[in-house]
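Protein chains in written order, with our numbering: chain P, 146 to 428; chain X, 146 to 428; chain G, 146 to 428; chain Z, 146 to 428.
This report concerns only the one structure given below.
Number of protein chains: 4
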Amino acid sequence: MEQAILLIQCPDQKGIIAKFSNFVFEREANIISSYQHSTDPDGGRFFMRMKFVFDNERYPEASLESDIEELASTLDAVWQIHYESKVMRMAIAVSRFDHCLADLLYRVRSGELRVEVPLVVSNHEDARELVEGHGIAFHYLPVSKETKPEQEKRFFELIRDSSDFLVLARYMQVLSEDFLTGYGKDIINIHHSFLPSFMGANPYRQAYDRGVKIIGATAHFATSTLDQGPIIDQEVGRVTHKDKVESLKAKGRDLEKLALANAIRMYLEHRVIRYENKTIILG
Amino acid sequence: MEQAILLIQCPDQKGIIAKFSNFVFEREANIISSYQHSTDPDGGRFFMRMKFVFDNERYPEASLESDIEELASTLDAVWQIHYESKVMRMAIAVSRFDHCLADLLYRVRSGELRVEVPLVVSNHEDARELVEGHGIAFHYLPVSKETKPEQEKRFFELIRDSSDFLVLARYMQVLSEDFLTGYGKDIINIHHSFLPSFMGANPYRQAYDRGVKIIGATAHFATSTLDQGPIIDQEVGRVTHKDKVESLKAKGRDLEKLALANAIRMYLEHRVIRYENKTIILG
Amino acid sequence: MEQAILLIQCPDQKGIIAKFSNFVFEREANIISSYQHSTDPDGGRFFMRMKFVFDNERYPEASLESDIEELASTLDAVWQIHYESKVMRMAIAVSRFDHCLADLLYRVRSGELRVEVPLVVSNHEDARELVEGHGIAFHYLPVSKETKPEQEKRFFELIRDSSDFLVLARYMQVLSEDFLTGYGKDIINIHHSFLPSFMGANPYRQAYDRGVKIIGATAHFATSTLDQGPIIDQEVGRVTHKDKVESLKAKGRDLEKLALANAIRMYLEHRVIRYENKTIILG
Amino acid sequence: MEQAILLIQCPDQKGIIAKFSNFVFEREANIISSYQHSTDPDGGRFFMRMKFVFDNERYPEASLESDIEELASTLDAVWQIHYESKVMRMAIAVSRFDHCLADLLYRVRSGELRVEVPLVVSNHEDARELVEGHGIAFHYLPVSKETKPEQEKRFFELIRDSSDFLVLARYMQVLSEDFLTGYGKDIINIHHSFLPSFMGANPYRQAYDRGVKIIGATAHFATSTLDQGPIIDQEVGRVTHKDKVESLKAKGRDLEKLALANAIRMYLEHRVIRYENKTIILG
């Protein structure tokens with residue numbers, strides 16, 4: 146037996162749920178959960194996440210997938226399938242501040258996040274002990290204005306084949322469009338503000354200067370436009386006039402850890418769908 | 146054309162979604178949204194809320210319903226159907242504190258809550274002006290220990306046929322089991338604490354005495370066991386050592402209004418399902 | 146006996162608290178509460194709010210104030226004093242959406258907000274019944290591009306002497322710098338976003354387009370730079386991909402009411418101090 | 146120069162702030178911050194936290210303290226003083242679940258919490274590697290019904306002189322009244338529910354069974370009455386009908402970490418005052 150998560154999107158039309166639930170029913174599979182979303186039932190876009198258990202001896206993955214493709218093509222649908230038995234591989238990049246990294250590694254080790262971490266890349270040496278203490282390969286790739294293209298190339302080669310997605314856990318370097326395009330897989334970034342407020346550098350300083358009463362953190366997909374990719378999760382917390390930049394940073398660290406961990410948890414459950422610079426969280 | 150919301154629950158089994166989505170598809174209805182929940186895909190209970198638009202000239206409500214019954218019986222399913230064109234009727238009871246009542250009446254008048262309010266019952270005169278100012282009938286039913294059975298009888302007669310459900314918007318009288326059973330429809334109560342903390346009388350005083358740092362309010366279905374019915378919504382807010390009982394009450398009023406309004410909104414959308422002294426909120 | 150709230154600000158220096166608490170002690174007054182804030186104890190700015198009860202027969206207000214002035218001048222301090230017996234007067238302006246207005250009027254009538262409302266000004270007729278139902282004068286001042294200067298002039302004349310501060314409870318007209326300067330008193334605005342995100346028009350549409358996972362509302366002092374005045378309170382709430390612009394507006398209304406009511410409550414308690422485009426909330 | 150935090154409590158009376166701020170002023174000390182709280186200005190209890198910098202060469206600690214004692218005795222005041230240069234020592238006890246422990250150790254190592262951790266005690270071996278990896282002594286003290294008194298004795302001897310306070314970071318053993326009394330110093334516990342809801346064992350199971358829509362965690366002082374000591378901080382988070390006991394636990398872990406870390410941070414800043422089974426958080 147195998148458990149699968151099927152993600153589908155297509156133009157909204159009558160009968161989609163019926164067709165896919167029939168498809169699954171005919172293969173004697175048991176639906177564990179099923180979520181749908183329509184941007185607009187009259188001619189919008191339809192999204193579905195269906196989790197089911199099937200007998201992969203009678204219906205091997207390859208034949209299941211070719212059958213799905215056949216059905217999907219009749220609906221003009223794009224689809225992906227993920228199998229429970231296959232564990233995702235998450236590469237992580239970090240600079241100096243390692244609170245998100247330490248938080249993620251703890252969640253991985255304790256089994257809360259079911260994911261492999263093949264390696265951590267950093268432009269600083271600071272996190273080496275933490276990473277190697279978890280038995281994970283640490284790659285120190287210092288960067289300067291001059292060496293940036295070369296450094297990115299090495300970074301890229303390290304993660305290209307070894308990872309299914311990349312997490313920027315407070316990696317303070319902007320990645321080039323070539324890197325993003327070349328990698329082709331999802332990149333999740335944590336930005337230390339409530340986007341779209343305070344994009345760019347020093348968001349806690351910006352928040353302090355503006356005198357906001359609530360700060361936030363935003364986990365989002367990195368795209369070629371800095372801090373403007375689809376938002377996955379946001380967390381917020383109250384602050385007061387007593388907070389200086391340093392205490393905003395301290396309070397913010399807890400929000401960053403939470404937003405990033407939530408985003409990755411949902412991502413690993415294949416609940417996060419990107420659509421038109423937004424995310425749909427199914428379930 | 147008519148819009149319907151179909152609520153189903155039955156023992157979990159393969160093919161339920163397929164059967165109902167086929168049912169709808171075969172009648173050329175368009176599913177607007179569909180939510181499911183299984184308490185346990187291996188032999189638990191299955192719940193579904195399906196919203197669809199159908200042509201009630203070709204498929205009149207009566208025939209639709211008899212077809213549903215036929216399908217449901219094969220699945221051992223319990224079901225309800227609600228039609229968009231039929232507006233629910235909400236009776237309200239209140240005692241002295243009218244903040245929840247005023248909040249609800251504003252939301253009804255502004256169109257935020259789509260519901261009729263046929264009458265308001267109170268054991269005090271205080272809210273008469275507010276209620277009648279909204280053009281709603283106000284019934285003053287004073288109560289004492291001696292007159293309680295008689296008062297409840299009049300209360301019951303007023304709401305029995307005129308309402309589809311009853312909201313206790315800070316009605317500070319315990320309703321007898323006879324009343325609850327006789328009425329037979331849903332009763333939503335707002336309790337001014339974060340249940341199960343501080344059941345019974347004077348919850349803000351209890352919260353003050355315990356020194357909690359967060360207070361709450363709970364909207365729940367009233368049952369014969371005081372403050373122990375299924376919880377629909379809870380809202381919370383921070384307090385400090387500076388708060389006295391009076392300021393807890395003031396802060397709590399905003400939580401009460403919010404929890405009750407949210408619960409009613411979800412109830413009117415037929416998203417709230419009672420099951421084993423809990424609620425399932427579909428969607 | 147009279148209760149007073151004394152607000153002081155001055156360059157930070159040793160002995161300020163000692164001098165003022167001695168001052169009060171020598172006049173046999175009883176300090177009810179006292180809050181201080183220093184932007185930086187080494188040469189920053191010092192703020193204090195001191196609430197005390199004094200015998201105004203022995204120490205009449207006028208002599209108390211001239212004594213304060215004498216002390217304050219030795220510390221280069223700016224100060225204000227407010228007496229419990231004097232109730233503030235709050236003018237309100239509103240356009241079409243009256244949820245904040247209705248919320249405020251309920252809070253005033255129920256005694257939660259201790260303030261007089263001499264009048265409500267609107268560029269629409271919609272709120273007349275609500276306002277007059279509370280026995281408050283309603284002034285309809287329609288505005289067009291051409292009549293704006295004339296309309297503002299009438300608005301100004303209505304509130305200049307009759308109010309101590311002005312609340313813009315979803316008044317959708319930008320006030321001219323002349324108006325702001327001429328009025329000279331505080332103006333509190335509610336902006337329907339989590340500033341500085343989504344300044345300007347249609348913030349819920351902006352929030353929808355950006356795909357944020359949390360929306361907010363901001364109560365702030367109006368200044369000549371739109372939506373950039375000192376923030377008093379912010380409230381936030383979660384939203385999902387299921388929310389359309391309309392449901393963001395509905396959820397946002399509750400945040401707006403709360404943020405504005407909280408800001409006004411603190412303002413009426415004289416806890417809100419403006420400093421360098423921020424607010425300090427004492428206590 | 147030294148920085149001190151002076152904590153005072155006494156019957157409320159006129160002139161307390163004046164006397165203490167004079168006291169400090171006369172010693173040429175600079176007040177950094179000062180917070181007061183009165184349970185009731187008419188004959189209640191008064192609390193003050195005053196942070197100041199003084200020249201400890203001219204006014205050595207011993208003479209400062211004897212002067213404070215002299216003043217305090219005239220006001221019937223109880224007081225404590227803490228010096229910035231002295232770092233507190235926090236013993237930690239843990240059982241199997243080490244998420245709070247790992248979180249605390251990270252915060253200590255990163256400098257966010259300024260505290261020494263002399264040792265960690267556990268009735269299980271699980272956390273040894275984590276603790277020793279931070280260079281901290283780990284004491285394994287297994288416990289059974291029979292060995293409990295003996296185990297507590299060893300526990301007690303380990304922490305009695307080596308620690309200033311004890312943190313129960315998910316230590317699942319009830320400490321005897323003898324232990325509590327013998328230790329005499331503060332013990333901070335994290336309870337994995339929103340107290341007073343769900344006291345005792347398996348609170349997440351209790352929360353699941355009750356069907357609450359919000360769960361919480363509570364950091365409080367341990368007293369001889371289980372889960373009923375003064376509350377320091379509470380954190381809450383939303384859950385839904387989709388959450389099983391396991392996911393409540395996962396969500397709860399983040400609340401527990403946050404509540405405990407916040408409580409310890411405030412405790413280390415000497416902001417937390419115990420009074421009548423409640424806490425007053427000054428500042």
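All residues carry an ideal CB built from backbone N, CA and C; glycine is no exception.
Host alpha helix (DSSP H) of residue i (start-end)
i	result
D212 (chain Z)	E206 to L220
F165 (chain X)	I161 to E171
G278 (chain Z)	R273 to G278
Q351 (chain Z)	P348 to R355
G428 (chain P)	No alpha helix (DSSP H) holds G428 (chain P); DSSP gives it neither H nor E.
F324 (chain Z)	E322 to Y328
H244 (chain Z)	H244 to R254
Coil, strand or helix - residue i by DSSP
i	result
Y228 (chain Z)	strand
H415 (chain X)	coil
L93 (chain X)	Only positions 146 to 428 of chain X appear in the structure, and residue 93 (chain X) is not among them; the question remains open.
K389 (chain X)	coil
F300 (chain G)	helix
T363 (chain P)	strand
I409 (chain Z)	helix
K358 (chain Z)	coil
P156 (chain Z)	strand
L258 (chain X)	coil
E295 (chain P)	helix
R398 (chain P)	helix
L403 (chain G)	helix
Beta-carbon contacts of residue i that lie in its chain and below 8 Å, excluding the five residues immediately before and after
i	result
Y353 (chain P)	D388, K389, V390 and L393
Y328 (chain G)	F301, I304, R305 and L311
Proximity to residue i [Cα-Cα], best of the options
i	options	result
I377 (chain P)	P:Q351, P:T219 and P:L405	P:L405
S267 (chain Z)	Z:G256, Z:V312, Z:R234 and Z:V357	Z:V312
G188 (chain P)	P:D200, P:K159 and P:Q181	P:K159
E274 (chain P)	Z:F283, Z:Y180, Z:R254 and Z:E291	Z:R254
I162 (chain G)	G:E173, G:I409, G:S179 and G:A236	G:S179
F324 (chain P)	P:Q351, P:Y316 and P:P294	P:P294
P103 (chain X)	Z:V276, Z:T385 and Z:L371	Outside the displayed span of chain X (146 to 428) sits residue 103 (chain X), for which this structure offers no information.
P186 (chain G)	Z:D185, Z:Q148 and Z:D157	Z:Q148
N175 (chain G)	G:K196, G:F192, G:R190 and G:I333	G:K196
Own chain, CB closer than 7 Å to residue i, minus 5 neighbours either side, in chain order
i	result
E380 (chain P)	G361, A362, L400, L403 and A404
L413 (chain X)	M233, L258, R259 and V260
D331 (chain Z)	F310 and F366
R419 (chain X)	F366 and P375
Same chain, Cβ closer than 6 Å to residue i, five either side skipped, listed in chain order
i	result
H336 (chain Z)	T363 and D372
R194 (chain G)	L152, Y180 and L427
F283 (chain P)	V265, R273, V276 and E277
E421 (chain Z)	none
Run of the beta strand (DSSP E) containing residue i, from where it starts to where it stops
i	result
F199 (chain G)	R190 to F199
F310 (chain Z)	F310 to L313
N175 (chain G)	N175 to S183
R383 (chain Z)	I376 to R383
N334 (chain G)	I332 to H336
F283 (chain X)	A282 to Y285
S267 (chain P)	L264 to S267
- Within the chosen definition, does the stretch 153-163 of chain G reach the stretch 364-375 of chain Z through at least 3 CB pairs nearer than 8 Å? no
- Query: Are three or more beta carbon pairs between the stretch 227-243 of chain Z and the stretch 160-178 of chain Z nearer than 8 Å?
  - Reply: With fewer than three CB-CB distances shorter than 8 Å, the stretch 227-243 of chain Z does not count as touching the stretch 160-178 of chain Z.
- Item | Three-pair Cβ contact test at 8 Å for the stretch 326-343 of chain G versus the stretch 336-346 of chain P | Touching, yes.
- Query: When the Cβ atoms of the stretch 206-218 of chain G are set against those of the stretch 182-202 of chain Z, are three or more pairs found closer than 8 Å?
  - Reply: In this structure the stretch 206-218 of chain G does not touch the stretch 182-202 of chain Z; the number of beta carbon pairs closer than 8 Å is below three.
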